[in-house]
Amino acid sequence: MAINKYLTFFLAFGFVCSVSNSFAQKRTGNNHNPVFEGWYADPEGIVFGDEYWIYPTYSAPYNDQVFMDAFSSKDLVTWEKHERIIDTTEVKWAWRAMWAPAIIEKDGKYFLFFAANDIQSDEEEGGIGVGVADTPGGPYKDYLGKPLIDKFYNGAQPIDQFVFHDKDGQYYMIFGGWRHCNIVKMKDDFTGFVPFEDGETFKEITPEGYVEGPFMFIRNGKYYFMWSEGGWTGPDYSVAYAIADSPFGPFERVGKILKQDPDVATGAGHHSVIHVPGTDEYYIVYHRRPLGETDGNHRETCIDRMYFDDEGFIKPVKITFEGVQARPIK
Numbered sequence: 003m004a005i006n007k008y009l010t011f012f013l014a015f016g017f018v019c020s021v022s023n024s025f026a027q028k029r030t031g032n033n034h035n036p037v038f039e040g041w042y043a044d045p046e047g048i049v050f051g052d053e054y055w056i057y058p059t060y061s062a063p064y065n066d067q068v069f070m071d072a073f074s075s076k077d078l079v080t081w082e083k084h085e086r087i088i089d090t091t092e093v094k095w096a097w098r099a100m101w102a103p104a105i106i107e108k109d110g111k112y113f114l115f116f117a118a119n120d121i122q123s124d125e126e127e128g129g130i131g132v133g134v135a136d137t138p139g140g141p142y143k144d145y146l147g148k149p150l151i152d153k154f155y156n157g158a159q160p161i162d163q164f165v166f167h168d169k170d171g172q173y174y175m176i177f178g179g180w181r182h183c184n185i186v187k188m189k190d191d192f193t194g195f196v197p198f199e200d201g202e203t204f205k206e207i208t209p210e211g212y213v214e215g216p217f218m219f220i221r222n223g224k225y226y227f228m229w230s231e232g233g234w235t236g237p238d239y240s241v242a243y244a245i246a247d248s249p250f251g252p253f254e255r256v257g258k259i260l261k262q263d264p265d266v267a268t269g270a271g272h273h274s275v276i277h278v279p280g281t282d283e284y285y286i287v288y289h290r291r292p293l294g295e296t297d298g299n300h301r302e303t304c305i306d307r308m309y310f311d312d313e314g315f316i317k318p319v320k321i322t323f324e325g326v327q328a329r330p331i332k
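In the working numbering, the protein residues as written are 3 to 332.
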């Protein structure tokens, strides 16, 4: 009996060590995905000066999503955590579900856009807010003291905002959940919006398959519009895209470029794109769920390289444990 008891203990101990070592192998050496510890999702990646920054959602039950952290790196591999750059003690109207931050620098100030409260109707308090700080790592103060957008327009839930700086200097916000996406022209001080020439303020640009998580960038004069498809808690969450000649489209869906890999992870979606200044190097920053993980909030932030073919189409991204190699900004 005693021998069996000790044998069982050592076998169990060996199994735990094996699992632990297997996990460690995915986080050491040349394996850089996920890029930092913890459950984080909806990452917004950006370059400020000679540093990379990632602003993610703290991935937890809605009532626990009351703050946001940020991460900075000189090389895309080693990351420094900046804790609680904004929280609901500063944003009095927000009480839960602080989601999907977007960040932009303008005139020496850093503006952090976020959604809060997961409102389901125009009668509820919440929507898209703005924080402002003097440094990328905050702390961020509530810029308006109220939401910037607190209503549904064209059927779009006011979440998942992205601020796009066009080549003519104009700033736009692209946002929306519930399978609808709007674009709005922002005032210079980010306190509101300017109507378009046709008198419309909230212009719908929803492409086929769109669910949420919009992102836009310009390459070789073309506007690449990207979004997430599928349900965020499911394995088939993914990213698709379209290309157009203006930020207003029309956007005809090209296809998916990011999705699950049964050998790596599931639920790969809600992304952003980092462009290394002065190069044609692009990196996709996204979240995914570890294999076998059933908790919808257990999502990790990862980075992989994104390539284009000779015609300018985005090649399907291979999600990896290896991630990317060190890439300082020169």
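Quick reminder that beta carbons are idealized off the backbone N, C-alpha and C, glycines included.
None of these values were measured; they are calculated from a predicted model.
Which residues share a DSSP beta bridge with R290? Against the sequence shown, residue 290 aligns to sequence position 288. E302, per the DSSP bridge assignment.
In the DSSP assignment, what residue or residues form a beta bridge with G128? For the purposes of this step, residue 128 is taken as residue 126 along the sequence shown, with counting starting at 1. According to DSSP, which records beta bridges pairwise, G128 is partnered with nothing at all.
Per-residue DSSP class, three states only, for Y60: Along the sequence shown, read from residue 1 onward, the residue named residue 60 stands at position 58. Taken through DSSP and simplified to helix, strand or coil, Y60 comes out as strand.
Closest residue to V68 among R255, N35, T91, I48 (Cα-Cα distance): Looking up residue 68 in the sequence shown gives position 66. V68 has its Cα closest to that of T91, out of R255, N35, T91, I48.
Through-space distance from G179 to A117, alpha-carbon basis: Translated into the one-based positions of the sequence shown, residue 117 becomes position 115. Translated into the one-based positions of the sequence shown, residue 179 becomes position 177. Going by the C-alpha atoms only, they are around 11 Å apart.
Quick check: what's the CA-CA separation for I316 versus L260? Sequence index remark: in the sequence shown, residue 316 carries index 314 (1-based). Sequence index remark: in the sequence shown, residue 260 carries index 258 (1-based). The alpha-carbon atoms of I316 and L260 are separated by roughly 10 Å.
For G129, the nearest candidate out of R98, G139, P141, I105 (CA to CA): Indexing the sequence shown from 1 puts residue 129 at position 127. The option with the nearest alpha carbon to G129 is R98.
Thinking C-beta only, is V165 closer than 9 Å to A104? Taking the sequence shown and counting its residues from 1, one reaches residue 104 at position 102. Taking the sequence shown and counting its residues from 1, one reaches residue 165 at position 163. Yes, the pair counts as a contact, with Cβ atoms nearer than the cut-off.
Among the candidates R301, H300, P318, E302, whose CA atom is the shortest distance from the CA of M308? Along the sequence shown, one-based indexing puts residue 308 at 306. Nearest of R301, H300, P318, E302 to M308, Cα basis: P318.
Could you give the distance in angstroms between the alpha-carbon of R301 and the alpha-carbon of Q172? Sequence index remark: in the sequence shown, residue 301 carries index 299 (1-based). Sequence index remark: in the sequence shown, residue 172 carries index 170 (1-based). Distance between the alpha carbons of R301 and Q172: 34 Å.
Can you check whether the CB of G47 is closer than 9 Å to the CB of I305? Counting from 1 along the sequence shown, the entry for residue 305 is found at position 303. Counting from 1 along the sequence shown, the entry for residue 47 is found at position 45. For I305 and G47, yes; Cβs fall inside 9 Å.
For the beta strand (DSSP E) containing N184, name the first residue and the last one. In the sequence shown, counting from the first residue as 1, residue 184 sits at position 182. Note, N184: beta strand (DSSP E), 184-188.
So, under 8 Å CB-CB, F219 and V256 are touching, yes? Tell me the CB distance rounded to an integer number of Å. What you label residue 219 is simply residue 217 of the sequence shown in a count that begins at 1. What you label residue 256 is simply residue 254 of the sequence shown in a count that begins at 1. Not quite, the Cβ-Cβ distance comes to about 15 Å (not below 8 Å), so this is no contact.
Three-state class that DSSP yields for D66 in the structure shown: Residue numbering aside, residue 66 sits at position 64 when the sequence shown is read from its first letter. D66 falls in the helix class under three-state DSSP.
Can you list the beta strand (DSSP E) stretches of 3 or more residues lying completely in the segment 235-277, in chain order? 240-246, 254-260, 267-277
Three or more C-beta pairs below 8 Å linking the segment 275-293 and the segment 184-195: no
Decide if S230 is buried, meaning its Cβ has at least 16 other Cβ atoms within 10 Å, or exposed. One-based indexing of the sequence shown puts residue 230 at position 228. Buried: at least 16 other Cβ atoms inside 10 Å.
Would D162 be called buried (16 or more neighbouring beta carbons within 10 Å of its own) or exposed? Stepping through the sequence shown from its first residue, residue 162 is reached at position 160. Flag for D162 reads buried.
Tell me, to the nearest whole angstrom, how far the beta carbon of S74 is from that of Y54; I am working on the premise that it is less than 8 Å. Along the sequence shown, read from residue 1 onward, the residue named residue 74 stands at position 72. Along the sequence shown, read from residue 1 onward, the residue named residue 54 stands at position 52. Their Cβ separation, rounded to whole angstroms, is 7 Å, which keeps S74 and Y54 in contact under 8 Å.
For F219, three-class secondary structure by DSSP: Taking the sequence shown and counting its residues from 1, the one referred to as residue 219 is at position 217. The DSSP-derived three-state label of F219 is strand.
N88 bridges to which residues according to DSSP? Along the sequence shown, one-based indexing puts residue 88 at 86. Just to set this straight, residue 88 is Ile in the shown sequence, not Asn. M70, per the DSSP bridge assignment.
Residue from K108, E324, D124, P249 whose Cα sits closest to the Cα of K205: Within the sequence shown, the letter at position 203 stands for residue 205. Comparing Cα positions, the closest option is P249.
Roughly how many angstroms lie between the CA atoms of G147 and V93, to the nearest whole one? Position 145 of the sequence shown, counted from the start, is the residue given in the question as residue 147. Position 91 of the sequence shown, counted from the start, is the residue given in the question as residue 93. Computed Cα separation, rounded: 7 Å.
Within the continuous beta strand (DSSP E) that includes H167, where are the two ends? Locating residue 167 in the sequence shown gives position 165, where the first residue counts as 1. Element bounds for H167: 164-167.
Per DSSP, what kind of secondary structure is F335 in: helix, strand or coil? Since the first and last residues shown for the chain are 3 and 332, residue 335 lies out of range.
Got a sec? Which residues, its chain only, sit under 6 Å from A246 by beta carbon, not counting five neighbours each side? Within the sequence shown, numbered from 1, the residue matching residue 246 stands at position 244. Same-chain partners within the cutoff: Y225, F253.
Based on the DSSP secondary-structure assignment, which residues constitute the bridge partners of A43? Locating residue 43 in the sequence shown gives position 41, counting from the first residue. Answer is T59.
Where does Y145 fall in DSSP's three states? Walking along the sequence shown from the start, residue 145 turns up at place 143. It is coil, neither helix nor strand.
Between the C-alpha atoms of I331 and L78, what's the straight-line distance to the nearest angstrom? Along the sequence shown, read from residue 1 onward, the residue named residue 331 stands at position 329. Along the sequence shown, read from residue 1 onward, the residue named residue 78 stands at position 76. Spanning the two alpha carbons is a distance of roughly 10 Å.
Exposed or buried, S61, counting other C-beta atoms within 10 Å across all chains shown (16 or more means buried)? In the sequence shown, residue 61 corresponds to position 59, counting from 1. When all chains shown are included, S61 counts as buried.
Taking DSSP's pairing of strands, which residues face E214 in a bridge? If you number the sequence shown from 1, residue 214 lands on position 212. Per DSSP, S230.
Terminal residues of the beta strand (DSSP E) in which W101 lies: Counted from its first residue, the sequence shown places residue 101 at position 99. Looking at the DSSP string, the run of the beta strand (DSSP E) that includes W101 is 101-108.
Flag this pair as yes or no: are the beta carbons of Y239 and T268 separated by less than 9 Å? Start at 1 with the first residue of the sequence shown, and residue 239 comes out as number 237. Start at 1 with the first residue of the sequence shown, and residue 268 comes out as number 266. It is a contact, given that the beta carbons lie within the stated cut-off.
For K76, which three-state DSSP category applies? As a first step, residue 76 is located in the sequence shown; it is residue number 74 there, counting from the start. Coil at K76, not helix or strand.
Length of the line joining the Cα atoms of A244 and M228: Taking the first residue of the sequence shown as position 1, residue 244 is located at position 242. Taking the first residue of the sequence shown as position 1, residue 228 is located at position 226. Cα-Cα distance, rounded: 6 Å.
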